[in-house]
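**Q** Take the sequence shown: its position 291, counting from 1, is numbered 291 in UniProt numbering, and each next residue is one higher. Backbone N, C-alpha and C fix where the C-beta goes; we use that ideal spot for every residue, glycine too.
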Amino acid sequence: MLVEQKILIVEDEPVSRQVLHHLLKPLTTILVKNGAEALDVINKENIDLVLLDIHMPIMGGFEVIERLKNDDKTKDIPIIVITVNHSTEDEIRALDLGAVDFITKPFNSVILQKRVRNQLRLKLKSDLLEKHASLDGLTNLLNRRMFDSDLETKWAEGRRLGVNVGLIIFDIDHFKQFNDNYGHSAGDEALVRVSRALMRALQRQTDRVYRYGGEEFTLIQFDTDLEQLKQTAELLRQCIYNLDIPHEYSSHGKVSISIGVALARGEGEHSELLLLQTADKELYKAKGNGRNCISFITI
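1. So, residue 9 versus residue 51, is the Cβ gap smaller than 7 Å?
2. If we call anything under 7 Å between Cβ atoms a contact, is residue 256 one with residue 173?
3. One question on the structure: do residue 81 and residue 107 come within less than 7 Å of each other, judged by their Cβ atoms?
4. How about the region 223-240 and the region 138-149: do they share at least three Cβ pairs that are nearer than 8 Å?
5. Beta-carbon within less than 8 Å of residue 178's beta-carbon, same chain only, minus the 5 sequence neighbours each way: which residues are those?
6. When burial is assigned at 16 or more other CB atoms within 10 Å of the CB, is residue 78 buried or exposed?
7. Pull up the distance between the alpha-carbon of residue 5 and that of residue 130, whole angstroms please.
8. Tell whether a beta-carbon distance below 7 Å holds between residue 71 and residue 61.
9. Nearest to residue 158 by alpha carbon, out of 275, 281, 105?
10. Specify, as a first and last residue, the run of the alpha helix (DSSP H) that residue 230 falls within.
11. Can you tell me the Cβ-Cβ gap for residue 259 and residue 168, rounded? I've got them flagged as a contact below 8 Å.
12. Compare the Cα-Cα distances from residue 15 to each of 155, 33, 245, 161 and report the closest residue.
13. Give every residue of the same chain whose Cβ lies closer than 7 Å to the Cβ of residue 86, excluding the five residues on either side of it in the sequence, and list them in chain order.
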């Protein structure tokens, strides 16, 4: 499958912008005229490479590099500086800030094209490796490593913006008995079916499901309230129960999940660890209440 990669050209001089645009065809390019516009585009689009002038009005290239490299979401985007005003000091500063290359005008068109394609190739390899490292091998859900990272990120963002962060923890009821009696191959198949159903059930684009470990899963919900969390949890419970996967060693006769829900208010002084521990306690309450149900709390 071909992957469309996007190049952001940041250049205040209109003719130079168009020259780069035509030179890089048929690659996908987005053109802006200053650093402020560049940051706005990067916040909205998945950019794979930035071609950046240094001296521009409103916001110059050095500030753009610094901002991108200091943001976890954008720090891995490669930046090639292309400028007419060459100085050793500018080149050293750009490379020190994190640019991968420094090209002065006039440039050789063929060499520029090859450098751009080399950086895009490296970016694609890096993205594929990152994706592989972030996914659970069996279910293709995000893994525990990504959960830990995303929870920390969302928690910090929630504290900064003063918005609620919700956490749902759930696991498959009596899954050990399922594996013991139906076999581990059947258990793996059940995990895959459950994972696919969970992904189909998500209604908010920002919601993400993770395989936390074994038969346990988590979902982080940002900028939410308890009612919305409960609705999401009930939707997940129903979608798994409605799979009708037989489980005669469960009190419910088929595969089901128990769910713990915890909401941390935006103005609270708690920690992400407390949110995780609280949701886990609610999960055990749900199990104690007969399983295939939800227990919830606000902290």
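**A** Straight from the coordinates:
1. Walking along the sequence shown from the start, residue 9 turns up at place 9. Walking along the sequence shown from the start, residue 51 turns up at place 51. Yes; because the gap between Cβ atoms is below 7 Å, this pair is in contact.
2. Here residue 256 is taken as the residue at index 256 of the sequence shown, counted from 1. Here residue 173 is taken as the residue at index 173 of the sequence shown, counted from 1. For residue 256 and residue 173, yes; Cβs fall inside 7 Å.
3. To locate residue 81, count along the sequence shown from 1; it is residue 81. To locate residue 107, count along the sequence shown from 1; it is residue 107. For residue 81 and residue 107, no; Cβs fall outside 7 Å.
4. No, because fewer than three Cβ pairs between the region 223-240 and the region 138-149 fall closer than 8 Å, the two stretches do not touch.
5. Here the question's residue 178 lines up with position 178 in the sequence shown. These residues qualify, in order along the chain: 172, 186, 187, 190, 247, 249, 250, 255.
6. Here residue 78 corresponds to residue number 78 of the sequence shown, with the count starting at 1. Residue 78 comes out buried.
7. To locate residue 5, count along the sequence shown from 1; it is residue 5. To locate residue 130, count along the sequence shown from 1; it is residue 130. So the alpha carbons of these two residues sit roughly 16 Å apart.
8. Position 71 of the sequence shown, counted from the first residue, corresponds to residue 71. Position 61 of the sequence shown, counted from the first residue, corresponds to residue 61. Not closer than 7 Å, so no.
9. Working through the sequence shown from its first residue, we reach residue 158 at position 158. For residue 158, the nearest C-alpha among the options comes from 275.
10. Position 230 of the sequence shown, counted from the first residue, corresponds to residue 230. Where residue 230 is concerned, the enclosing alpha helix (DSSP H) stretches over 226-241.
11. Within the sequence shown, residue 259 is the residue found at index 259, counting from 1. Within the sequence shown, residue 168 is the residue found at index 168, counting from 1. Yes, residue 259 and residue 168 are in contact; Cβ-Cβ is about 6 Å, under 8 Å.
12. As a position in the sequence shown, residue 15 is number 15, starting the count at 1. Nearest of 155, 33, 245, 161 to residue 15, Cα basis: 33.
13. By 1-based counting over the sequence shown, the position of residue 86 is 86. Cβ neighbours of residue 86 beyond the five flanking positions: 104.
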